[in-house]
Structure formats: C-alpha cells, structure tokens
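In this note's numbering, the protein residues as written are 17 to 135. Positions of the beta carbon are idealized from the N, C-alpha and C atoms, including for glycine. In this text, all values refer to a predicted model and were calculated from it rather than measured experimentally. This report refers to the structure that appears directly beneath it.
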Ligand SMILES: [Zn+2]
Ligand SMILES: [Zn+2]
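Next comes the structure, spelled out in structure tokens:
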C-alpha cells in the first residue's frame with residue numbers, strides 16, 4: 017500500500033480535535049494497522065476511537081468525484097487550489113476530514129469534508 021506511515025498519521029491528527037473531549041492528542045491503535053489501510057485512531061485522553069482510512073489510491077479509484085474535488089481545494093497557506101489526498105478520517109457521524117498536501121507549496125492541513133454521505 018502506498019500511503020502515509022502510522023507516525024505521519026499520528027502527527028497530523030493533532031490538526032483536529034476529538035469529537036468528545038476536544039483535545040488534539042491521538043494515537044493509532046497498533047493492532048488495527050493492516051495493509052488494507054483501514055486503521056483505528058484513538059483519543060489519548062478519553063479513548064474515543066474513529067476510523068482512519070489510509071489507502072487513498074483505492075478510494076480515489078472508486079470515488080470519481082474525489083480527484084476532481086482535490087483540484088478545487090485551496091491551500092490554507094498559499095491559497096492556490098490543488099492538493100493531493102494523503103488519508104481521511106471519520107471523526108464522528110457528522111465530521112469527516114481529508115488530510116491533504118498542497119501541490120504548490122507542500123503545506124499540509126486537514127480539510128473538513130462536505131462530500132461524505134452520512135448513512
Ligand atoms: Zn477525546
Ligand atoms: Zn500552498
């Protein structure tokens with residue numbers, strides 16, 4: 017699987033806040049780390065857990081809207097549109113985030129998803 021490492025994901029999760037206790041300290045449950053890219057993120061404080069989807073190649077192949085959407089997301093730093101998708105999380109039933117990297121300047125940031133369907 018091509019994608020981010022567990023360490024990279026853990027570091028970047030500090031860009032969002034826990035849906036329950038609002039802290040920003042998370043770890044990846046090491047038992048959940050498998051090559052299929054379906055991992056589990058856990059809040060260090062309250063142990064709230066949520067799915068982390070690390071295999072974005074497969075996701076973007078099966079969701080044709082996503083590559084198009086990524087071209088339209090503006091960078092939070094240089095404001096140029098166009099990012100690459102590194103991984104995504106479902107923080108709660110109403111909060112999904114894409115973790116992206118700006119193609120122009122390399123800035124990494126979480127982008128709240130507006131596309132997810134919440135079934
Ligand atoms: Zn928490
Ligand atoms: Zn940028």
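Exercise. Evaluate contact between the stretch 87-99 and the stretch 52-62, counting only Cβ atoms and requiring at least three cross-stretch pairs below 8 Å.
Key: no
Quiz item: What residues match up with residue 106 in a beta bridge as DSSP calls it?
Solution: Position 90 of the chain shown, counted from the start, is the residue given in the question as residue 106. Residue 106 pairs with 112.
Practice problem: Kindly list the residues whose CB is nearer than 8 Å to the CB of residue 169, restricted to its own chain and excluding five residues on each side of it in sequence; keep chain order. | Solution: Lying outside 17 to 135, the shown extent of the chain, residue 169 is not represented and no answer is given.
Practice problem: Examine ligand 2 and report whether any of its heavy atoms sits within less than 8 Å of the Cβ of residue 123. | Solution: Mapped onto the chain shown, residue 123 falls at position 107. True, at least one ligand heavy atom lies under 8 Å from that Cβ.
Practice problem: Let me have the residue list for ligand 1: C-beta closer than 7 Å to any non-hydrogen atom, ordered along the chain. | Solution: 34, 36, 37, 39, 59, 61, 62 and 64
Quiz item: Using CA coordinates, which residue listed in 72, 80, 61 and 23 is at the minimum distance from residue 113?
Solution: Within the chain shown, numbered from 1, the residue matching residue 113 stands at position 97. It is 72 whose Cα lies nearest to the Cα of residue 113.
Quiz item: Any heavy atom of ligand 2 closer than 8 Å to the Cβ of residue 111?
Solution: Numbered from 1 along the chain shown, position 95 holds the residue referred to as residue 111. Every heavy atom of ligand 2 is 8 Å or more from the Cβ of residue 111, so no.
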